[in-house]
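Since the structure comes first, as structure tokens, the remarks are kept for the end.
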Amino acid sequence: MLNFLVRLVLYALLLGLSARVAQTLWTSNGLDTVAALQPLHDTGFLTLAIAPLVLALLGVGVLRSLCVFAACFLAAAAITAPIVLARLVTAGA
Numbered sequence: 135m136l137n138f139l140v141r142l143v144l145y146a147l148l149l150g151l152s153a154r155v156a157q158t159l160w161t162s163n164g165l166d167t168v169a170a171l172q173p174l175h176d177t178g179f180l181t182l183a184i185a186p187l188v189l190a191l192l193g194v195g196v197l198r199s200l201c202v203f204a205a206c207f208l209a210a211a212a213i214t215a216p217i218v219l220a221r222l223v224t225a226g227a
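Numbering-wise, the sequence shown is residues 135 to 227 according to this note's numbering.
Put into structure tokens, the structure is as follows:
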């Protein structure tokens, strides 16, 4: 049980911090004014909110390294998405 709680807290910290960085990048790049991107923003943050529990539940035994990879992948995707979308929006304008 303690192992589960430690995994849950660590995944929540990793994905929570990356969500805050992504939110900061999202607003600083002006993407909050683009209405077409709002569903993507909402889906991404919902995924980052639910993922720590799912990863902590599945991250036992053989699946532990896969869950760590998935958490790092989600964190990296959340941080780089606003940068890439800002470039696409400014290139299309």
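Just so it is clear, CB atoms sit at the ideal spot from N, CA and C, and this is done for glycine as well.
It should be emphasised that the depicted structure is a prediction, and the values quoted were computed from it without experimental measurement.
Here's a check: name, in chain order, each residue in its chain whose Cβ is nearer than 6 angstroms to the Cβ of LEU159, leaving out the five neighbours to either side. PRO216
Could you check what DSSP says for GLY195 in three-state terms: helix, strand or coil? helix
Cβ neighbours of ALA212 in the same chain (closer than 8 angstroms, five flanking residues each side left out): For ALA212, the CB contacts under 8 angstroms within the same chain, skipping 5 residues up- and downstream, are LEU149, SER152, ALA153, VAL155, ALA156, GLY178, LEU182 in chain order.
Does the distance from the C-beta atom of ALA190 to that of TYR145 stay below 7 angstroms? yes
Which residue comes first and which comes last in the alpha helix (DSSP H) that contains LEU159? Residues 136-162.
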